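Peer 1: Pasting a structure below so you can have a look.
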Amino acid sequence: MDHIELIKRQKGDTWDYSVAGCGESLTLRMREDGYVVLRLPEEDAAHLQALYDNFAQFTSCDEAVKASVAADEGQKADHLSRGDLGYRSAMGRARSSPDEFLDLREQPVPGGWEVGPCSPQVHRAVPGLERAATGVITVLSRLGASVMALLASSFGLDGDAFTSVVLQDGHMPGACLRMCCYSPSQHTDEEVAFTEHTDTTLLTLALCSPVPGLQVRARGEWVCPEAGATICDVVAFPGEFLEILTKGFLRAALHRVVRPSVDARYSIPFLIRAKPNAIVNTRPYIEEGNRLRDSQNAKKKVPGPRNILDCENKTMQWLWNYANGW
Ligand SMILES: O=C(O)CCC(=O)C(=O)O
Ligand SMILES: [Fe+2]
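Going by our numbering, the first residue of the sequence shown is number 10, and it counts up by one from there.
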């Protein structure tokens, strides 16, 4: 699939991304194909490569280092905020090494933000990991905020209609940077490593791995958006919360991961989740959107989900519980 080129624009001491062309076409592609591929500028490649390198180094550490940031398996993932951050591994059939996952997040601490969990053992063994993860979280947070603003404004909503439930001081304390390592299959037939599912996110931004394996269900077929991609390409697809908030106008993308056949696959999805107690406050945006739609510019707007009004004044936690009862 064609990628959409991103343009980086400096804004004071921060920056954002915009797409060449209009946001409406991004929204329509996401609706029709279920995902879009966005290409970051070349200057971001160094951040991405640094994280792949540091995570590969982490996976080669001894068990004590990994255990120092182990996820609390007893902790029930609430899919909204905490989940079970940290390191997990899973051994499967006919593999010599386990699949491994490390979930990190940016959290507010006195005087700033910190990426964790990161133990002293991890700091010693992989000194560049926290910095590399921070660099990528910053890039993907800026990108996620831009995509959500484009989606919102293409519906005629105010640009921060979606980001307001996600952002805190420009950071995403509900989001999760997941680093995955899938060991190669010893079978010749295609084996699914991560079964088909939708993400409990607003938006997922998955870096395109040099070892393709991500498949997205699009127009009734499994497609592989990573085929032919570069390190700067990012697959963006809606999660369950965008489906809820748009009442199905955008559908949560069904996706899965196919096991690599020779080399291990390292992949890095960024799961953009809301702050659980954030309140959806859409009415003013919808009213403004309706006004815009009725104005002479109306033709440019994507016909948006009016039923989003039903979500007015609800917390993300409430919406999640409600959706689970569907
Ligand atoms: O490994 C990948 O590329 C995607 C993993 C995934 O779908 C997930 O963590 O939800
Ligand atoms: Fe997923």
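Glycine residues also receive a C-beta, built at the ideal position from the N, C-alpha and C atoms.
Here the structure is a predicted model, which is why all the values come from computation and not from measurement.
According to the Cβ coordinates, are PHE250 and LEU138 closer than 8 Å?
Peer 2: Cβ distance not < 8 Å, so PHE250 and LEU138 don't count as in contact.
Peer 1: Return the CA-CA distance between TYR96 and LEU111, expressed in angstroms with no decimal places.
Peer 2: If you take the alpha carbons of TYR96 and LEU111, they lie about 4 Å apart.
Peer 1: Beta strand (DSSP E) containing TYR26: first to last residue?
Peer 2: 23-28 is the extent of the beta strand (DSSP E) around TYR26.
Peer 1: To which residues of the same chain is TYR294 closer than 7 Å at the C-beta, ignoring the five residues directly before and after it?
Peer 2: Note that TYR294 scores 46 on pLDDT, short of 50, meaning its location in the model is unreliable and no value can be drawn from it.
Peer 1: Using DSSP bridges, identify the partner residues of GLY121.
Peer 2: Answer is VAL118.
Peer 1: Please list the terminal residues of the continuous alpha helix (DSSP H) segment that includes ILE240.
Peer 2: No alpha helix (DSSP H) holds ILE240; DSSP gives it neither H nor E.
Peer 1: Measuring CB to CB, does ALA245 end up less than 8 Å from TYR44?
Peer 2: Contact flag set, yes.
Peer 1: Within the same chain, show all residues whose beta-carbon is closer than 6 Å to that of ALA161, passing over the 5 residues directly before and after it, in chain order.
Peer 2: Closer than 6 Å at the Cβ level, and outside the excluded window around ALA161, lie GLY168, ALA170 and PHE171.
Peer 1: Since I believe LEU57 is in contact with ILE240 (beta carbons under 8 Å), could you give me their beta-carbon distance rounded to a whole number of angstroms?
Peer 2: Yes, ILE240 and LEU57 are in contact; Cβ-Cβ is about 5 Å, under 8 Å.
Peer 1: Can you give me the Cβ contacts of ARG18 inside the same chain, cut-off strictly under 8 Å, excluding the 5 residues immediately before and after it?
Peer 2: If we look at ARG18 and ignore the five residues flanking it on each side, its Cβ neighbours are TRP24, ASP25, TYR26 and SER27.
Peer 1: Please determine if the region 141-158 and the region 46-65 are in contact, where contact requires at least 3 C-beta pairs separated by less than 8 Å.
Peer 2: Judged by Cβ distances under 8 Å, the region 141-158 makes contact with the region 46-65, as three or more pairs qualify.
Peer 1: Cβ atoms of LEU211 and ALA283: under 8 Å apart, would you say?
Peer 2: In this structure, LEU211 lies closer than 8 Å to ALA283 by Cβ.
Peer 1: Thinking VAL266 and GLY229 are a contact (beta carbons under 8 Å), I'd like their distance in whole angstroms, please.
Peer 2: In fact, because the Cβ distance is near 20 Å, the residues do not count as touching under 8 Å.
Peer 1: Does the beta carbon of PRO234 fall short of 7 Å from some heavy atom of ligand 2?
Peer 2: No, the beta carbon of PRO234 sits no closer than 7 Å to any heavy atom of ligand 2.
Peer 1: When DSSP labels each residue in this structure, what does ASP108 get in the three-state scheme?
Peer 2: Of the three classes helix, strand and coil, the one that applies to ASP108 here is strand, per DSSP.
Peer 1: Run the proximity test for THR213: is its beta-carbon closer than 7 Å to any non-hydrogen atom belonging to ligand 2?
Peer 2: Yes, ligand 2 has a heavy atom inside 7 Å of this Cβ.
Peer 1: Tell me where the beta strand (DSSP E) around LEU95 begins and ends.
Peer 2: Per the sequence shown, residue 95 should be read as Gly rather than Leu. Start and end: 95-99.
Peer 1: Considering only the alpha carbon of each residue, which of ARG48, ALA273 and LYS20 lies closest to MET188?
Peer 2: Closest option to MET188, Cα to Cα, is ALA273.
Peer 1: Near GLY248, which residues of its chain fall below 7 Å by C-beta distance, leaving aside the five closest residues on each side in sequence?
Peer 2: Same-chain partners within the cutoff: THR207, ASP208, THR209, THR210, LEU211, LEU212, THR213 and ALA261.
Peer 1: If we count the other Cβ atoms within 10 Å of its Cβ and call it buried at 16 or more, is SER106 buried or exposed?
Peer 2: With fewer than 16 Cβ atoms within 10 Å of its Cβ, SER106 is classed as exposed.
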